[in-house]
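Reviewing the structure listed below.
Protein chains: 2
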Amino acid sequence: MVYNNSVDSKPGSVYIPPARRHQTPRRAMHEPAYLHIANTIADRIGAGEYRPGDQLPTESQLRREFGVSPATIRRAVNILLDRGLVTTTQGKGTFVRSLDIGEAVFRLQQITEMWTGGGDAEVLLLEARIVPAHGQVCFMLRLEPGDPLVYMRRLIKRAGIPLIYQVEHVLYDEHRPLVETQLQITSLDGLLMAGHAEGVPSGRLTIQAVSLDHEAARQLAVPPGSPAFCLEHLFRDFEGRPVSWGMFLCRADQFRLTTHIGVSPGGEEG
Amino acid sequence: MVYNNSVDSKPGSVYIPPARRHQTPRRAMHEPAYLHIANTIADRIGAGEYRPGDQLPTESQLRREFGVSPATIRRAVNILLDRGLVTTTQGKGTFVRSLDIGEAVFRLQQITEMWTGGGDAEVLLLEARIVPAHGQVCFMLRLEPGDPLVYMRRLIKRAGIPLIYQVEHVLYDEHRPLVETQLQITSLDGLLMAGHAEGVPSGRLTIQAVSLDHEAARQLAVPPGSPAFCLEHLFRDFEGRPVSWGMFLCRADQFRLTTHIGVSPGGEEG
DNA sequence: CAGTGGTCTAGACCACATG
DNA sequence: ATGTGGTCTAGACCACTGC
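Protein chains in written order, with this note's numbering: chain A, -9 to 260; chain B, -9 to 260.
Shown next, in the form of structure tokens:
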């Protein structure tokens, strides 16, 4: 079957006629069945009805209980699977996982929301000039020492409080309008969009704890040696060549990452 | 339709006969079609074939191109969706997203792997005693001041290097065998399983940058004031009551979190 | 061998957006 | 009204596990 006929709707088929199709016997409407099923099972796990190590009802049993097709059950189980609540092994069954700290994932969005949430944040361009590459920058951006690149420093403030001190190196290439674009970025949206320009499809981010040096501490208005998150970023173009490298230094007293493991706390209806 | 007949296999149905069923015309075999399609599209985005803002081919076009059913295309698009590569809006289409730093997610597994990867890590129980609750612990575990709880300190070393200094408070309840279990945990697997015992289905984790105080710095063999990751954990039982609160202090020079955004770098076959 | 999860099909119906 | 994504069905086939 090549499956290239146009988008169906030939009357008289192998389908059950529209008679007695459940219009919306759904529980709260506008919640898909697969989501409802996934949430229901998750709630049972959270309530201890299904305990870690237990085998879940088989998909046949589940589809009988919920009265849906196999595919819908499969989709629900897949959701639980990548929520980390269960494991499945083919031929054996689906089992409730015990809680593993390693499952936790932290979303960087929590940090970016800090300066996109309220509209009163501002970006100050402290410095921007063309400098010759040297030291570690050469290695990160794969440049020869002396190659020109754009060096920039920015400060992000909110309600008068400095939050983030950013240092960035960008490839200097007169064939790309990158530089002009970069220099003008004193808006927030621009800083969030990686590379701040088109042609950047991928990047690597690293976060670690650091102590602030004198200059960074001065800009962030904290004592030297204060702790901070260091968010290092490296962006590449379509050919995989690095085009931008830098770091965001985030005051530790202003930033934290929080997440939940196991059954989510915002457990709505059951 | 109640859909409770047993698991099918009645011969002679509405299905196309096994004649000319593609056994494995799959590209590298053992790769599902939906995954292959998702990866193929992701590669095109990474190569700049589909640019940010562009509309992807409609699902009808895609299913013609790949010769699969609508459901398979949908599944592939869903994968791209929660990889953050595209957005979909009903009635309009599927569009390539421009890279957003906020999309990044960091997996805590990177940290736990540090002491589960090699087998030469060890856990030292520095202290364990029953103390009356006081101060912030009362608030976190919802206790009255003076209520008994178990106070523990542990040190995780690897290859002789101290990596993590852990402080933990656990509810003292003689009806639960929690205490005995807790005290014996000097193994790594036990530390990873949240709550270290059954009955803990959910938890909250927070990570932030801190400066080490004298005691922590001494245990970790670094100068006081050195930076560190502070991983705070709070676990709850099936009724939602907090049962355990503590923190892992991780030497900054030993731990970092790395992630990738956009098209993944380990892009295999195209 | 039967039971389980994993994949896929060929449609249908719905909700939404646009001209 | 047409085209888009979003959901779902009824059933098939496959791979794996365990008896």
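No residue lacks a Cβ here, since even glycine has one placed at the ideal position from N, Cα and C.
* What are the start and end residues of the beta strand (DSSP E) that includes His223 (chain B)? -> His223 (chain B) -> beta strand (DSSP E) spans 217 to 226.
* Asked: Looking at the structure shown, is Lys147 (chain B) part of a helix, part of a strand, or coil, going by DSSP?
  -> The answer is strand: DSSP assigns Lys147 (chain B) an E or B state.
* **Cβ pair count under 8 Å reaching 3, the region 27 to 43 of chain B against the region 59 to 79 of chain B** => Yes, they touch.
* To do: Kindly confirm or deny that the region 237 to 253 of chain B and the region 230 to 240 of chain A touch, where touching means at least three C-beta pairs closer than 8 Å.
  => Taking 8 Å as the limit for Cβ pairs, the verdict is that the region 230 to 240 of chain A does not touch the region 237 to 253 of chain B.
* To do: For the region 193 to 210 of chain B, enumerate the residues whose C-beta is nearer than 8 Å to any C-beta of chain A, in chain order.
  => Cβ contacts with chain A: Gly193, Arg194, Leu195, Thr196, Ile197, Gln198, Ala199, Val200, Ser201.
* For Glu93 (chain A), which residues of its own chain have a beta-carbon under 7 Å away from its beta-carbon, when the five flanking residues on both sides are left out? -> Around Glu93 (chain A), the same chain offers Gly74, Ile251 as residues with beta carbons nearer than 7 Å, after the five sequence neighbours per side are excluded.
* Asked: Among B:Leu161, B:Pro152, B:Ala66, which has the Cα closest to the Cα of Val277 (chain B)?
  -> Residue 277 (chain B) lies beyond the stretch modelled for chain B, which goes from -9 to 260, so this question has no answer here.
* Arg34 (chain A), enclosing alpha helix (DSSP H) - first and last residue -> For Arg34 (chain A), the uninterrupted alpha helix (DSSP H) run begins and ends at 23 to 36, by DSSP.
* **Span separating the alpha-carbon of Ile151 (chain B) from that of Pro213 (chain B)** => The straight-line gap from Cα to Cα measures roughly 14 Å.
* Asp137 (chain B) versus Leu131 (chain B): straight-line alpha-carbon distance, rounded -> Straight-line Cα distance between these residues: approximately 10 Å.
* Got a sec: is the Cβ-Cβ distance from Thr77 (chain A) to anything in chain B below 8 Å? -> No - not a single Cβ of chain B is within 8 Å of the one on Thr77 (chain A).
* **Cβ neighbours of Glu117 (chain B) in the same chain (closer than 8 Å, five flanking residues each side left out)** => Result list for Glu117 (chain B): Tyr141, Met142, Arg143, in chain order.
* Using 8 Å as the limit for Cβ to Cβ distance, is Arg118 (chain B) near chain A? -> Correcting the residue identity first, residue 118 (chain B) is Ala in this sequence and not Arg. For Ala118 (chain B), no CB of chain A lies under 8 Å from its own CB, so it is not counted at the interface with that chain.
* Tell me which same chain residues have a C-beta within less than 6 Å of the C-beta of Tyr263 (chain A), skipping the five on either side of it? -> A question about residue 263 (chain A) goes unanswered here, because the residues of chain A that appear run from -9 up to 260.
* Under 6 Å Cβ to Cβ from Arg194 (chain A), same chain only, skipping five residues before and after it: list those, please. => Same-chain partners within the cutoff: Leu224.
* To do: Give me the Cβ distance between Ile31 (chain A) and Leu71 (chain A), rounded to the nearest whole Å; I'm assuming they're in contact under 8 Å.
  => Contact doesn't hold; Cβ gap of about 11 Å is too wide.
* Residue-chain proximity (Gly74 (chain B), chain A), Cβ-Cβ < 8 Å -> No - not a single Cβ of chain A is within 8 Å of the one on Gly74 (chain B).
* Quick one: give me the first and last residue of the beta strand (DSSP E) that Gln198 (chain A) is part of. => 192 to 201 is the extent of the beta strand (DSSP E) around Gln198 (chain A).
* Asked: Under 7 Å Cβ-Cβ, which residues of chain A neighbour Thr102 (chain B)?
  -> Simply Ile91, Gly92.
* Taking C-alpha atoms, which residue in B:Ala218, B:Glu205, B:Phe129 lies nearest to Arg231 (chain B)? -> Answer by Cα proximity: B:Phe129.
* For Ile35 (chain B), return the contacting residues in chain A, with the cut-off set at a CB-CB distance below 7 Å. => Within chain A, the C-beta atoms nearer than 7 Å to that of Ile35 (chain B) come from Pro191, in chain order.
* Could you tell me how far apart the beta carbons of Gln244 (chain A) and Cys220 (chain A) are, in whole angstroms, since I believe they sit closer than 8 Å? => The pair is not a contact, with the Cβ atoms about 14 Å apart (cut-off 8 Å).
* **Straight-line gap, Arg17 (chain A) to Phe56 (chain A) (C-alpha atoms, nearest Å)** => Model confidence at Arg17 (chain A) stands at a pLDDT of 42, short of 50, so the residue's coordinates are unreliable; what they give is reported in the following sentence. Looking at the backbone, the Cα of Arg17 (chain A) and that of Phe56 (chain A) are separated by about 12 Å.
* Does the separation of the CB atoms of Leu247 (chain A) and Thr196 (chain B) fall below 8 Å? -> Against a cut-off of 8 Å, the Cβ pair of Thr196 (chain B) and Leu247 (chain A) comes out as a contact.
* To do: Buried or exposed for Gln209 (chain B), please, with buried defined as at least 16 other CB atoms from any protein chain shown within 10 angstroms of its CB.
  => With 16 or more Cβ atoms within 10 Å of its Cβ, Gln209 (chain B) is classed as buried.
* Asked: For His124 (chain A), which three-state DSSP category applies?
  -> His124 (chain A): coil per DSSP, three-state reduction.
* To do: Just list the alpha helix (DSSP H) runs in the region 66 to 128 of chain A, keeping only unbroken ones of 4 residues or longer that don't cross its boundaries, in chain order.
  => Taken in chain order, the complete alpha helix (DSSP H) segments of 4 residues or longer contained in the region 66 to 128 of chain A are 99 to 106.
* Does DSSP put Thr14 (chain B) in a helix, a strand or coil? -> Confidence at Thr14 (chain B) is low in this model, with a pLDDT of 37, below 50, so the placement of that residue is unreliable and no value is reported for it.
* Quick one: which chain A residues come within Cβ less than 9 Å of Gln85 (chain B)? -> First, the residue type needs correcting, since residue 85 (chain B) is Phe and not Gln in the sequence shown. Simply none; closest approach about 14 Å.
* **Start and end residues, beta strand (DSSP E) containing Leu210 (chain A)** => For Leu210 (chain A), there is no enclosing beta strand (DSSP E); the residue is part of the alpha helix (DSSP H) that begins and ends at 204 to 210.
* Asked: Between Gln45 (chain A) and Gly81 (chain A), is the Cβ-Cβ spacing less than 8 Å?
  -> No; because the gap between Cβ atoms is not below 8 Å, this pair is not in contact.
* Does any residue of chain A bring its CB to less than 8 Å from the CB of Arg246 (chain B)? -> Chain A contact via Cβ: present.
* Asked: Name the chain A residues that come within less than 7 Å of Ala242 (chain B), Cβ to Cβ?
  -> Simply Gln198, Ala199, Val200.
* Asked: Going along chain A, which residues have a C-beta under 7 Å from Arg97 (chain B)?
  -> Going along chain A in sequence order, the residues near Arg97 (chain B) (Cβ under 7 Å) are Val95.
* 8 Å Cβ cut-off: residues of chain A touching Gly252 (chain B) -> Result: Ala184, Val190, Pro191, Ser192, Gly193.
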